[in-house]
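Engineer:
Chains as they are written, first to last, in the numbering used here: chain A, 4 to 455; chain B, 4 to 455.
1. Our contact map puts residue 260 of chain A next to residue 288 of chain A with C-beta atoms below 8 Å; I'd like the distance itself, whole angstroms only.
2. Runs of 4 residues minimum, wholly inside the stretch 232-288 of chain B: which ones carry the alpha helix (DSSP H) assignment?
3. Can you name, in chain order, every residue of its own chain whose Cβ lies under 6 Å from the Cβ of residue 454 of chain B, other than the five neighbours on each side?
4. So with Cβ pairs under 8 Å, would you call residue 131 of chain B a contact of chain A?
5. Going by C-alpha distance, which of A:240, A:246, A:247 is nearest residue 276 of chain A?
6. Note down, in chain order, each residue of its chain lying with its Cβ closer than 8 Å to the Cβ of residue 131 of chain A, except the 5 sequence neighbours on either side.
7. Between the stretch 336-351 of chain A and chain B, which residues of the former have CB atoms less than 7 Å from a CB of the latter, in chain order?
8. Quick one: Cα of residue 457 of chain A to Cα of residue 394 of chain A, how far?
9. For chain B, is any of its Cβ atoms less than 8 Å away from the one on residue 7 of chain A?
10. Can you give me the start and stop residues for the alpha helix (DSSP H) that residue 142 of chain B sits inside?
11. How is residue 29 of chain A classed by DSSP in three states: helix, strand or coil?
12. Taking a cut of 9 Å between CB atoms, which residues from the stretch 19-51 of chain B lie near chain A?
13. What's the gap between the Cα of residue 20 of chain B and the Cα of residue 120 of chain B?
14. Under the assumption that residue 97 of chain A contacts residue 166 of chain B (Cβ atoms under 8 Å), give the Cβ distance between them as a whole number of angstroms.
15. Here's the rule: buried if 16 or more other CB atoms are within 10 angstroms of the residue's CB, otherwise exposed. What is residue 41 of chain A?
16. Can you tell me the Cβ-Cβ gap for residue 318 of chain A and residue 146 of chain A, rounded? I've got them flagged as a contact below 8 Å.
17. How far does the alpha helix (DSSP H) with residue 218 of chain B in it extend, from its first residue to its last?
18. Measure the CB-CB distance between residue 232 of chain A and residue 266 of chain A and report whether it falls below 8 Å.
19. Reducing DSSP to helix, strand and coil, say where residue 188 of chain A ends up.
20. So is residue 75 of chain B in contact with chain A if we call contact Cβ pairs under 8 Å?
21. Start and end of the beta strand (DSSP E) containing residue 333 of chain B?
22. Between the C-alpha atoms of residue 203 of chain B and residue 207 of chain A, what's the straight-line distance to the nearest angstrom?
23. Is the beta carbon of residue 133 of chain A closer than 8 Å to that of residue 58 of chain A?
24. Residues in its own chain within less than 8 Å of residue 434 of chain A by CB, not counting five upstream and five downstream?
25. In three-state DSSP terms, what is residue 35 of chain B?
26. In terms of alpha-carbon separation, which member of B:246, B:180, B:23, B:423 lies closest to residue 84 of chain B?
27. Output needed for residue 149 of chain A: all residues of its chain with C-beta closer than 8 Å, excluding positions within five of it in sequence on either side, in chain order.
28. Should residue 219 of chain B be flagged as near chain E, meaning a C-beta pair shorter than 8 Å?
29. Looking at C-alpha atoms only, which residue of B:385, B:270, B:168 is the closest neighbour of residue 345 of chain A?
30. Using a Cβ-Cβ distance cut-off of 8 Å, determine whether residue 176 of chain B contacts chain A.
31. Using 8 Å as the Cβ pair cut-off and three pairs as the minimum, do the stretch 100-110 of chain B and the stretch 47-56 of chain B touch?
32. Could you name the residues of the stretch 192-225 of chain A whose beta carbon sits closer than 7 Å to any beta carbon of chain B, in the order they occur along the chain?
33. Which whole-angstrom value is the C-beta distance of residue 51 of chain B and residue 115 of chain B, which I expect to be below 8 Å?
34. Indicate whether residue 222 of chain A and residue 26 of chain B have their beta-carbon atoms separated by less than 8 Å.
35. If we cut at 8 Å on Cβ distances, does residue 119 of chain A have a partner in chain B?
36. Which residues, in chain order, does the stretch 145-164 of chain A contribute to contact with chain B at a C-beta distance below 8 Å?
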């Protein structure tokens, strides 16, 4: 069983429902849409991410021998269900908002149109993939907006929630505008630039800090970034200043130093002065240590002479908002629009499109959510990307998603660029055609359900 | 490249340090310990989890052809480094606190004793595995304490941070005392009981709610749990009451109903009355929908007639505390104890043991952290579990870890069992022998580092 690919990465009820659908012949076309119900506090927008991983999951959907053996032996399903699953592939269509696009609550970012059993089965894993990547990309975009052009590196693998989260955070943050990641596997898997310095243990393992610095610089003559806060940051900067001419005589440069604790504003200024006085004005200062977008903003605003920031745990766990109200809801079955009306969880029915409306100056004014064929004057955000289970285009290079995110963040209205709630949130209007469809669906449901 | 097993699931700096260590012949024995620096707000203890996944990672440590190809081609390492890595295996020792054990801040739960390159390389993935499983087990234990014996099921795969988080949360919450999970793959992978009901989409896809209920009950004649909040919860309960005798005549029982929205206390009482009046007193009520340990506690305290709770996103993301200050720090190298003294991040040096001291009644009084051979009267928590890269015992069955957690939670002092900060936190004392070692290490370091 492949623990990343198995279709058993789903809630059991998806499998029980699939059996029930197959038994009743309920294999007509279902339409599900994935959207986020609301913004977490302090957030003004989301960044779409994860589509490529969704398409790959759908392309690869198949039950392998181990999966089927469990289905046969677990005692939960009828005989023969495993044989049905052995044949199951994803044969449907996918519409989606491209990765790197800014979007807002209640806007569908993914639509799956497929025979009911297929569309139902994939719900859990699709939400799992998209929820986390949107979460990480949206968190990363805040740091990008706060950093004012300074370099940002993802340092958060170790406290990400498992291996896949670490990898997907590297991917999502790179799309959102980070300059790279420390997670080595993200380079071969996604082609993302990787960066690394040294750890405190390296310094501690040596007889002295100076010996550790010299040794590391010799090992990486062009690239060494020395960690200088293990004992006393400013004293360590002086050691770097003393060491540098000796190394330079041997053709070895010191690319940078890293501060990982203490008052980063004050320390960066002292370290900069020590380095500059030693003629090391090209040696950069890298800062890390419990950073998030708020601390980056404060350090940038204070004018701290820091060239790059490593952001770790706060990024990969999206620590201030570790989850979104992301859902995948049935919008239509067998040609009839549907909606859920549970208390506080009602949804808009039908196949939908999102239009982004611009003002006379080309700025984003508001979005309109409407039914698919109710064409509005703005730019439609959802595209058909997979038909009959096949991609319409090759995978989008990550760099293209990253360029899109850059352009989208540049176009984001000024009031949404802060780290705090905008006084006036971005407008997402429900078009009259969609409201009318919802009313019609309710009338039909009320006719079918006896009054409470 | 195996995205779950590759040793490139690490920070790049581990690889650069490994190269530097190998080049300098710094392959003497290093001792690293993994611990959590402090409790998040509202938390009074941690639950150990993840050891088995750590041991498997260490046993399986090897660079495959794809990994080595990247090392060779990435331009970051010296020629020949990939050949060194091709030979690398984990040959060290591991001491650990067993899974399911309650522990506290600054207590090492894992110690790795190995040649420096091996011990360093695995840091990122070991922290990644242990941090998240401790996080999830500790969060789950709170719900177990709050539920007063009612059944708890993990419903959180879809908003867990990726696939591995979803699987490890199922594992960790089961250890902590949950009764099972909805994540299907957790059954074949870990042997955890799986549970499932139905989704709103199933109801919506049918012409009527009654038709959906009947269809699902027919498909799962002994096990059907019907979701009754899609339109009107109490009306749906009445439909269940109407349907039940007809189904019973055909030998089909309705095992339970699920509420997923609205005022769960009030609705559960109304639904219970409707079911009881129809003679369905054995049909259970299952509740879900944005639940966490606080809401479970409130519902239990109110006496809501709910038999089982599904806890989702709040569990798998540990939403109120999505990260811990978990670190893996060098404590000794080449026979000499080491410590880090960075501002606010100083650590206790040397190989350590934790002793749990009990009072005259056998209750937990406090813990003592000391150097390895400073035997104290209490129970030592760390055991040798791997020597020279080989396990000393077969993998512990998950059920044994779960029994240990049950016993540990039963022994937990009453003041630590609440969901809020205890007025008096559990005591973790540093033994004089350890304090003396720290002073000695500082004297040696001060002698080696010129004053700032």
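All C-beta atoms, glycine included, are put in the ideal place defined by N, C-alpha and C.
Structural biologist: For this structure:
1. The C-beta separation of residue 260 of chain A from residue 288 of chain A comes to about 6 Å, placing the pair in contact by the 8 Å criterion.
2. Complete alpha helix (DSSP H) runs here, min 4: 236-252, 267-280.
3. Low local confidence applies: a pLDDT of 47 at residue 454 of chain B is under 50, so the model's placement there is unreliable, with the coordinate-based value given in what follows. Same-chain partners within the cutoff: there are none.
4. It does; some Cβ of chain A falls within 8 Å.
5. Measuring from the Cα of residue 276 of chain A, the nearest candidate turns out to be A:240.
6. Result list for residue 131 of chain A: 12, in chain order.
7. Contacts with chain B (Cβ-Cβ distance below 7 Å) from the stretch 336-351 of chain A involve 336, 341, 343, 344, 345, 346, 347, 348, listed in chain order.
8. With chain A running from 4 to 455 in the structure shown, residue 457 of chain A is simply not present.
9. Under the Cβ distance rule, residue 7 of chain A counts among the residues neighbouring chain B, one pair being separated by less than 8 Å.
10. Residue 142 of chain B -> alpha helix (DSSP H) spans 126-150.
11. Annotated three-state conformation of residue 29 of chain A is coil, per DSSP.
12. Within the stretch 19-51 of chain B, the qualifying residues are 19, 20, 22, 23, 24, 26, 27, 29, 31, 33, 35.
13. The alpha-carbon atoms of residue 20 of chain B and residue 120 of chain B are separated by roughly 8 Å.
14. Not really, about 20 Å apart at Cβ, beyond 8 Å.
15. With fewer than 16 other Cβ atoms within 10 Å, it is exposed.
16. Going by Cβ atoms, the distance from residue 318 of chain A to residue 146 of chain A rounds to 7 Å, so yes, they are a contact pair.
17. Element bounds for residue 218 of chain B: 212-222.
18. Between residue 232 of chain A and residue 266 of chain A, the C-beta gap is not smaller than 8 Å, which leaves the two residues out of contact.
19. Residue 188 of chain A: coil per DSSP, three-state reduction.
20. No, residue 75 of chain B lies away from the interface with chain A (no Cβ there is under 8 Å from its Cβ).
21. In the DSSP annotation of this structure, the continuous segment of the beta strand (DSSP E) that includes residue 333 of chain B starts and ends at 329-336.
22. Approximately 57 Å between the Cα atoms of the pair.
23. Using a Cβ distance threshold of 8 Å, residue 58 of chain A and residue 133 of chain A do not count as a contacting pair.
24. Taken in chain order, the residues that qualify are 371, 372, 373, 374, 377, 379.
25. Strand.
26. Each of B:246, B:180, B:23, B:423 was checked against the Cα of residue 84 of chain B, and the nearest Cα belongs to B:23.
27. 296, 297, 299, 300, 303, 422, listed in sequence order.
28. This model lacks chain E altogether, as its protein chains are A and B.
29. Comparing Cα positions, the closest option is B:270.
30. Residue-level contact check: residue 176 of chain B does not touch chain A, since none of the beta carbons of chain A fall below 8 Å from its beta carbon.
31. Because the criterion of three Cβ pairs below 8 Å is met, the stretch 100-110 of chain B and the stretch 47-56 of chain B touch.
32. Listed in sequence order: 192, 197, 198, 199, 200, 201, 202, 203, 204, 205, 207, 208, 210, 211, 212, 218, 219, 222, 223.
33. About 15 Å separates the beta carbons of residue 51 of chain B and residue 115 of chain B, which is beyond the 8 Å limit, so they are not a contact pair.
34. Yes, the Cβ-Cβ distance between residue 222 of chain A and residue 26 of chain B is below 8 Å.
35. Interface residue, yes.
36. Against chain B - using a Cβ distance shorter than 8 Å - the residues of the stretch 145-164 of chain A are 158, 160, 161, 162, 163, 164.
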